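Enquirer:
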Amino acid sequence: MPIRPAHSSEKHVQLLAAATLSLPLIVLQGCSSLQHRQLASGMSGLPPVYELEATPFYPQEIHHCGPAALATVLETAGRKTDVDELTRLVYLPGREGSLAVEMAAAVRRLGYLPYPVPPELVALFDEIAHGHPVVVLQNLGLSWLPRWHYAVAIGYDLARDEITLRSGTHRSVLTNIATFERTWRRGDYWALLVLPPGEMPARADAARYLQAAAGLERSNREAARRSYQAAVERWPENLMAWMALGNGAYAGGDRDTAAAAYRRALSIDDAYAPAYNNLAQTLADRKQWSEAEAMSRRALEIGGAYIEDYQATLDGILRNKPPD
Amino acid sequence: MNFFRLHAKLACHIAAACMLFVSAYAPAAHAGIVGTEALLNAEQSRATVNAFLAREDVRGQLAMLGVDPAQASLRTDALTDSEVQALADRIDNLPAGGDLIGAAVFVFLVLLVTDLLGLTDVFPFVKKK
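These protein sequences, in sequence, are chains A and B. Here the first sequence stands for residues 23 to 346, where the numbers follow my numbering. Here the second sequence stands for residues 3 to 131, where the numbers follow my numbering.
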């Protein structure tokens, strides 16, 4: 669906016809399976009302809701920015807006962790109740007539069926939860939490968290490493968390921490070939040749998707190790 | 516009192909180490070269959409391989939050009605139930 509606009158007639025909459909779709009904039942375990009143407000300039929303959540996470700086990081002049993936990338460039909140109202509200305002992507219009907009969700009131947003040029917008849910659903439930590296979301999922932290490696290795450290503390039995910590430490030149993390990964799964391989390379860097060779051969024995890498590791060890 | 876009895209691909000879691996990877992004997205390590081409493609498209070329490079570098692959060739169609909307009377009327029904939330002056 193109963002810009066509401007010829013929198109308008077509669209009008489409609108007339599809209105009943839209209404029907609008009634189906909204999450807010479950919330109203009071089974969510959420505080019934919560508002992050202290959340700052950056009124947006035209088309700049992305940078304004980011500035709001970054300041809450501890990073004072200005909208102009963020505009350079996310605004796309040719689209007169900002892309969702670039919103996350900008957060990483500033050394913070962009955590994607699951597509559920209860998850969104739970983050708010834990002090985390959340950037949401709404389509305020219709799927075939979109008006994409970023706002910051800062509060909710289950009894009054309202959500509070910092939105556009309005410091405080109260919206009916069902209406918000429809606009958010049209934005594919995109929601972004901004955390200082090392801090956890209210509802932390290991895979989701590690994926977000891995994205940080390109922009800010130290921030990635702090996130991995938090991950192994939170999920000490998670294989991937230890692998990620090992790789993060290795990239920062810390071979001791890397080797210990790979060994810990192997204590969780002693048939995980990548851990043998990465440990082998780490030991080889430290010139512990015999153990390096043994670990490397073990990775090759197990094999799998990265078998070419394992072979390359062994070749390197055999090439570099001094003759017995 | 399409003509220029096509040629710029071609130029991007040629430039990307040349750069492949210099470096075929993402900066996050180290010799001998299987990287975290690869481990988390098992199918991606084999698509490294594709990701590299996609990255050049995105860099070129950002520049074409009005981003200063130096910034376009920095912005592309901050994207993960999977983000780059999601963006390549689709920048024109993905949602860009910015409140852009066509102004026509019928649009106003349709959205006014849907706003009143609580289906949309375009006009602040419409009081939702």
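All C-beta atoms in this analysis are idealised placements derived from N, C-alpha and C, irrespective of residue type, glycine included. None of these values were measured; they are calculated from a predicted model.
Quick one: residues in its chain with C-beta nearer than 8 Å to the C-beta of W257 of chain A, no 5 flanking neighbours on either side, listed in chain order?
Expert: Same-chain partners within the cutoff: A228 and A263.
Enquirer: For R169 of chain A, count neighbouring Cβ atoms within 10 angstroms of its own Cβ and tell me buried if that reaches 16, exposed if not.
Expert: Counting Cβ neighbours within 10 Å, R169 of chain A comes out buried, since at least 16 surround it.
Enquirer: Tell me whether W170 of chain A sits in a helix, a strand or coil according to DSSP, three-state version.
Expert: In this structure, W170 of chain A counts as strand in the three-state DSSP scheme.
Enquirer: A245 of chain A and P219 of chain A: beta carbons closer than 9 Å?
Expert: Yes, the Cβ-Cβ distance between A245 of chain A and P219 of chain A is below 9 Å.
Enquirer: For A302 of chain A versus A321 of chain A, is the C-beta spacing smaller than 9 Å?
Expert: Yes, the Cβ-Cβ distance between A302 of chain A and A321 of chain A is below 9 Å.
Enquirer: Is the beta carbon of R230 of chain A closer than 9 Å to that of G274 of chain A?
Expert: No, the pair does not count as a contact, with Cβ atoms beyond the cut-off.
Enquirer: Report the residues of the segment 268-294 of chain A with a CB closer than 8 Å to any CB of chain B, ordered along the chain.
Expert: So the close ones are N269, G270, Y272 and A273.
Enquirer: Below 8 Å on the Cβ atoms is my contact criterion, and I expect A295 of chain A with I324 of chain A to pass it. Report the Cβ-Cβ distance as a whole number of Å.
Expert: Yes, A295 of chain A and I324 of chain A are in contact; Cβ-Cβ is about 4 Å, under 8 Å.
Enquirer: Quick one, are the C-beta atoms of A297 of chain A and G268 of chain A less than 9 Å apart?
Expert: Their beta carbons are under 9 Å apart, which means A297 of chain A touches G268 of chain A by this criterion.
Enquirer: Kindly list, in the order they appear in chain B, the residues whose Cβ is closer than 7 Å to that of G119 of chain A.
Expert: Result: A98, G99, G100 and L102.
Enquirer: Which value, in whole angstroms, describes the spacing of the CA atoms of Q310 of chain A and G34 of chain B?
Expert: Each residue's Cα considered, the two are about 15 Å apart.
Enquirer: Looking only at DSSP bridge pairs, what is S352 of chain A linked to?
Expert: Because chain A is modelled from 23 through 346, residue 352 of chain A falls outside the range shown and cannot be assessed.
Enquirer: DSSP three-state label for S194 of chain A, please.
Expert: In the structure shown, S194 of chain A sits in a strand (DSSP, three-state: E or B).
Enquirer: Mind listing the chain B neighbours of D331 of chain A? Cutoff is C-beta to C-beta under 7 Å, in chain order.
Expert: By Cβ distance, chain B contributes V36.
Enquirer: What's the gap between the Cα of V195 of chain A and the Cα of A93 of chain A?
Expert: Straight-line Cα distance between these residues: approximately 18 Å.
Enquirer: Decide yes or no for the touch test of the segment 94-104 of chain A against the segment 191-208 of chain A: beta carbon pairs closer than 8 Å, at least 3 of them.
Expert: With the cut-off at 8 Å, the segment 94-104 of chain A and the segment 191-208 of chain A do not touch.
Enquirer: Give, in chain order, every unbroken run of the beta strand (DSSP E) that is at least 3 residues long and sits entirely within the segment 176-246 of chain A.
Expert: Complete beta strand (DSSP E) runs here, min 3: 184-189, 192-198 and 213-217.
Enquirer: Could you check how far apart the C-beta atoms of C87 of chain A and Y172 of chain A are, in whole angstroms? I think they sit under 8 Å.
Expert: With 8 Å as the limit, C87 of chain A and Y172 of chain A qualify as a contact, their Cβ atoms being about 5 Å apart.
Enquirer: How many Å lie between R248 of chain A and P69 of chain A at the Cα?
Expert: Roughly 31 Å between the two C-alpha positions.
Enquirer: State yes or no: is the C-beta of A99 of chain A within less than 9 Å of the C-beta of Y72 of chain A?
Expert: For A99 of chain A and Y72 of chain A, no; Cβs fall outside 9 Å.
Enquirer: According to DSSP, is P138 of chain A helix, strand or coil?
Expert: It is a strand residue.
Enquirer: Enumerated in chain order, which unbroken segments of the alpha helix (DSSP H) with a length of 4 residues or greater are wholly contained in the segment 305-339 of chain A?
Expert: The qualifying runs are 311-324.
Enquirer: Suppose you measure from the CA of D179 of chain A to the CA of Q57 of chain A; what does that come to, to the nearest Å?
Expert: Those two C-alpha atoms are separated by around 15 Å.
Enquirer: First and last residue of the beta strand (DSSP E) that includes N269 of chain A?
Expert: It is not in any beta strand (DSSP E) - N269 of chain A instead sits in the alpha helix (DSSP H) that spans L261 to A273.
Enquirer: In the DSSP assignment, the alpha helix (DSSP H) including Q73 of chain B goes from what residue to what residue?
Expert: Run containing Q73 of chain B: P71 to D79, per the alpha helix (DSSP H) assignment.
Enquirer: Mapping the DSSP letters down to three states, classify E107 of chain A as helix, strand or coil.
Expert: The answer is helix: DSSP assigns E107 of chain A an H, G or I state.
Enquirer: Can you list, in chain order, the residues of its chain with a C-beta nearer than 7 Å to that of V254 of chain A? Leave out the 5 residues immediately preceding and following it.
Expert: Excluding positions up to five away in sequence, the list reads A263, W264 and L267.
Enquirer: Using the Cβ count rule (16 or more neighbours within 10 Å means buried), how would you classify A72 of chain B?
Expert: Label assigned to A72 of chain B: exposed.
Enquirer: Report the CB separation of T186 of chain A from I176 of chain A in whole angstroms; it is logged as a contact under 8 Å.
Expert: That pair is a contact at about 5 Å.
Enquirer: Considering Cα atoms alone, identify which of B:L67, B:V124, B:H32 and B:Q87 is closest to R57 of chain B.
Expert: Nearest of B:L67, B:V124, B:H32 and B:Q87 to R57 of chain B, Cα basis: B:Q87.
Enquirer: Just checking my contact of L164 of chain A with V156 of chain A at CB under 8 Å: how many whole Å lie between their CB atoms?
Expert: Wrong, their Cβ atoms sit about 24 Å apart, outside the cutoff.
Enquirer: Pull up the CB-CB distance for G119 of chain A and V158 of chain A, whole angstroms please, since I reckon it's below 8 Å.
Expert: That pair is no contact at about 15 Å.
Enquirer: Using the DSSP secondary-structure output, state which residues sit across from Y72 of chain A in a beta bridge.
Expert: A:Y178, per the DSSP bridge assignment.
Enquirer: Mapping DSSP to helix, strand and coil, what is L92 of chain A?
Expert: Helix at L92 of chain A.
Enquirer: Taking the alpha carbon of R131 of chain A as the reference point, which residue from B:M66, B:D59, B:A80 and B:Q63 has its own alpha carbon closest?
Expert: The shortest C-alpha separation from R131 of chain A is found at B:A80.
Enquirer: Can you tell me where the beta strand (DSSP E) holding L159 of chain A begins and where it ends?
Expert: Element bounds for L159 of chain A: V156 to N161.
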